[in-house]
């Protein structure tokens with residue numbers, strides 16, 4: 025799903041901005057504090073109904089204004105409208121009808137790569153599960169139902185453990201197992217498809233350092249309990265331990281994707297720049313899997329693409345980006361593009377944020 029135009033009103037540093045995009049590649053550049061990340065944030069809002077910078081949506085309302093409004097029109101004529109008034113809940117609309125955030129995400133899905141994504145290997149398993157689950161919610165209409173059913177059963181099972189309600193433990197364990205097995209199977213299937221895409225992508229890379237890392241890399245999906253046991257058996261084996269700890273110690277809520285070199289976590293081995301490149305490559309593989317395997321075409325957001333990447337890694341990434349195939353929005357402080365790179369990124373459209381006539385200092 026490609027975005028044709030966006031109108032931003034009273035959002036962050038902008039009074040009013042109206043932009044029309046390329047269906048393929050869009051580059052936003054400008055000095056720190058000029059608002060380039062705010063443009064990406066506004067795009068992300070139209071896909072998810074939330075910010076990737078703050079959980080407090082009111083912080084996105086421009087100083088001395090009562091509300092912000094973001095309107096997007098896609099190339100296939102879907103219209104999205106986001107309105108956030110300071111004293112009201114956020115309003116989400118698709119084609120002038122009220123919508124939920126999940127409906128929004130399925131209508132105009134996105135893949136976000138920001139500072140948190142770039143540090144995904146050093147982050148918690150919860151974050152790596154989150155980016156996997158977001159892909160599945162975009163691609164599988166039943167996944168969110170199973171996902172929320174599982175987490176409700178987990179919450180209720182933990183409450184039963186805490187208050188020693190043995191009958192309730194068994195009741196919620198059954199729901200936990202049924203919904204847990206469904207989401208675990210779907211997670212594993214998506215992981216395996218992404219892993220194949222990742223190593224297929226790697227064949228197109230030229231940098232010797234990158235190839236050395238990939239040739240040594242092992243990527244594993246840990247489902248959250250020992251592979252030799254069923255989830256039902258794992259719960260039974262851990263029942264006494266769960267009762268002592270008053271929490272469920274095994275299950276899909278403990279799942280993780282592990283990236284190893286010589287059996288060691290790569291966060292202890294790779295530099296920050298190397299980790300950033302590998303995290304981008306993994307997330308682009310997930311992005312490509314959504315498109316090629318599941319028929320979902322999210323637009324891609326990459327914030328501050330150049331930071332912490334040396335020139336070799338950066339050039340490798342620029343050469344690689346066209347292979348994702350979907351609409352791209354990315355930002356940087358400088359405009360490094362020459363005619364050669366323009367040829368690599370077809371239909372590249374550039375936006376210099378300082379030329380937005382009413383941009384003010386970022387909040």
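Residue numbers (the working numbering): 25 to 387. Where is the CB? At the ideal position from N, CA and C, for every residue including glycine. Being a predicted model, the structure only gives us computed values, none of them experimental.
Sequence-distant Cβ neighbours of residue 355 in its own chain, meaning closer than 7 Å and more than five residues away, are 52, 53, 60, 61, 64, 327, 328, 329. One thing to note: residue 244 has its Cβ no nearer than 9 Å to the Cβ of residue 210. Contact between residue 47 and residue 26 holds, since their C-beta atoms are separated by about 5 Å, short of 8 Å. With distances taken between CA atoms, residue 110 lies nearest to 88 out of 315, 88, 119. Inclusion of residue 302 and residue 145 in the CB contact set at 9 Å is warranted, their separation being smaller than that value. In the structure shown, the three-state DSSP call for residue 307 is helix. In this structure, residue 337 lies near residue 300, with their beta-carbon atoms less than 9 Å apart.
Per DSSP, the unbroken alpha helix (DSSP H) holding residue 213 starts and ends at 190–226. DSSP places residue 98 inside the beta strand (DSSP E), whose first and last residues are 91–98. The C-beta distance from residue 104 to residue 132 rounds to 6 Å, short enough to meet the 8 Å contact threshold. By the Cβ rule, the stretch 106–126 does not count as touching the stretch 238–257, because fewer than three pairs are nearer than 8 Å.
Buried is the label assigned to residue 350, since at least 16 other Cβ atoms lie within 10 Å of its Cβ. Residue burial annotation: residue 123 is buried, with at least 16 other C-beta atoms found within 10 angstroms of its C-beta.
Residue 142 carries a helical assignment under DSSP once its states are collapsed to helix, strand and coil. In the same chain as residue 376, and ignoring 5 residues on each side of it, the C-beta atoms closer than 8 Å to its own belong to 53, 54, 359, in chain order.
Non-local beta-carbon contacts of residue 158 in its own chain, meaning distances under 7 Å to residues more than five positions away in sequence, are absent. When secondary structure is reduced to three states using DSSP, residue 244 falls in the strand class. Counting only residues of its own chain and dropping the five nearest sequence neighbours on each side, residue 107 has a CB closer than 6 Å to the CB of 93, 115. Sequence-distant partners of residue 218 (beyond 5 residues in either direction) whose C-beta falls short of 7 Å from its own C-beta, in its chain, are 309, 310, 313. Annotation: residue 277 is outside any alpha helix (DSSP H) and is labelled neither H nor E by DSSP. Comparing C-alpha distances from residue 272 to each of 261, 335, 280 shows the shortest one belongs to 261. In the three-state DSSP reduction, residue 60 falls in the helix class (H, G or I). A distance below 8 Å between beta-carbons, with the five flanking residues on each side excluded, links residue 332 to the following residues of its chain, in chain order: 142, 296, 297, 300.
Under the three-state reduction of DSSP, residue 37 is assigned to coil, being neither helix nor strand. It is roughly 18 Å from the alpha-carbon of residue 264 to the alpha-carbon of residue 179.
Sorting 49, 75, 276, 289 by C-alpha distance to the C-alpha of residue 35 places 75 at the top. Excluding its 5 nearest sequence neighbours in each direction, residue 71 has C-beta neighbours in its own chain below 7 Å: 128, 129, 132, 133, 134, listed in chain order. Of the candidates 280, 284, 197, 225, 284 places its Cα closest to the Cα of residue 240. Across the set 259, 345, 170, the C-alpha of 259 shows the shortest separation from the C-alpha of residue 193.
Note on residue 294: 16 or more other CB atoms within 10 angstroms of its CB, so buried under the neighbour-count rule. With a beta-carbon spacing of about 13 Å, residue 234 and residue 335 fall beyond the 8 Å limit used to define contacts.
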